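Be aware that the sequence shown starts at 0, since it is given in numbering that gives the first Met the number 0, and climbs by one per residue. In this text, a Cβ means the ideal position worked out from N, Cα and C, and glycines have one as well. Please read these numbers as outputs of a predicted model, since none were measured by experiment. A quick write-up on the structure given underneath.
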Amino acid sequence: MDEAAVDVVRKFYESIAERDMDKAEGCFAADALWHLPGKSPISGDHFGWAAIRDEFLLKLAPLSGGTFRAELLDVAVGERYVVAIQHATGAFGGRVLDITGCQLMRVEAGLIREVRGHYSNQELLDSFWEEPAN
Numbered sequence: 000m001d002e003a004a005v006d007v008v009r010k011f012y013e014s015i016a017e018r019d020m021d022k023a024e025g026c027f028a029a030d031a032l033w034h035l036p037g038k039s040p041i042s043g044d045h046f047g048w049a050a051i052r053d054e055f056l057l058k059l060a061p062l063s064g065g066t067f068r069a070e071l072l073d074v075a076v077g078e079r080y081v082v083a084i085q086h087a088t089g090a091f092g093g094r095v096l097d098i099t100g101c102q103l104m105r106v107e108a109g110l111i112r113e114v115r116g117h118y119s120n121q122e123l124l125d126s127f128w129e130e131p132a133n
């Protein structure tokens, strides 16, 4: 891993804070995979940028009433992976999210190719992302 790997991870978190999907797209390989564990409407394997954007990232604001925030706390770099340590918060519909998480990221040629999420409280994460009842 090199400085380009850390840069792309930081750029991705900046893009999410800015809600800039074009900037976020520039961080990912075309055939990237994002695996989000759990049983929520955003859980599962999201293959390719369109799926990562449409099945996951673009659902964050509506499902959280626009309150979701992911603050990048630290980045750890290994020989094969980058670990992004984050603090995720949100409050909507009587539900509160306040957890830490780690995104295990595989970065190649300056682009994110794979992300696997790991969270301090998976049950809380799943319950926060439940779709509001109509």
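In its own chain, which residues sit with a C-beta less than 7 Å from the C-beta of residue i, not counting the 5 before and 5 after it?
{"i": "A69", "result": "Y12, I15, Q85 and A87"}
{"i": "D73", "result": "I84"}
{"i": "H36", "result": "Per the sequence shown, the amino acid found at residue 36 is Pro instead of His. If we look at P36 and ignore the five residues flanking it on each side, its Cβ neighbours are S42, G116 and Q121."}
{"i": "A3", "result": "G109"}
{"i": "W48", "result": "E24, F27, A29 and A31"}
So, at 6 Å on beta carbons, what are the nonlocal neighbours of residue i in its own chain, with the 5 sequence-adjacent residues on each side left out?
{"i": "F127", "result": "R94 and L96"}
{"i": "H45", "result": "W33, I51, E54 and F55"}
{"i": "E130", "result": "P40"}
{"i": "N120", "result": "I98"}
{"i": "Q102", "result": "A83, V114 and G116"}
{"i": "T66", "result": "G89, A90 and F91"}
Can you tell me which of the options puts its alpha carbon nearest to the alpha carbon of residue i?
{"i": "V5", "options": "F91, R79 and G89", "result": "R79"}
{"i": "A60", "options": "G100, G25, V76 and R18", "result": "R18"}
{"i": "L57", "options": "A29, G77, A23 and K38", "result": "A23"}
{"i": "E113", "options": "A31, D21, D1 and A49", "result": "A31"}
How would you call residue i, buried or exposed, if buried means at least 16 neighbouring beta carbons within 10 angstroms?
{"i": "S63", "result": "buried"}
{"i": "A75", "result": "exposed"}
{"i": "G92", "result": "exposed"}
{"i": "A108", "result": "exposed"}
{"i": "G89", "result": "buried"}
Can you give me the start and stop residues for the alpha helix (DSSP H) that residue i sits inside?
{"i": "E78", "result": "It is not in any alpha helix (DSSP H) - E78 carries neither H nor E in the DSSP assignment."}
Starting from residue i, trace the beta strand (DSSP E) in both directions and tell me its first and last residue.
{"i": "S113", "result": "Note on identity: in this sequence residue 113 is Glu, with Ser being the wrong assignment. Start and end: L110 to Y118."}
{"i": "E107", "result": "R94 to E107"}
Leaving out the 5 sequence neighbours to the left and right, which residues in its chain are closer than 8 Å to residue i when beta-carbon positions are compared?
{"i": "V7", "result": "C26, V106, G109, L110 and I111"}
{"i": "L71", "result": "V8, R9, Y12, A83, I84 and Q85"}
Ignoring anything shorter than 3 residues, give me the beta strand (DSSP E) runs that lie fully in the region 2–53, in order along the chain. 27–35 and 43–46
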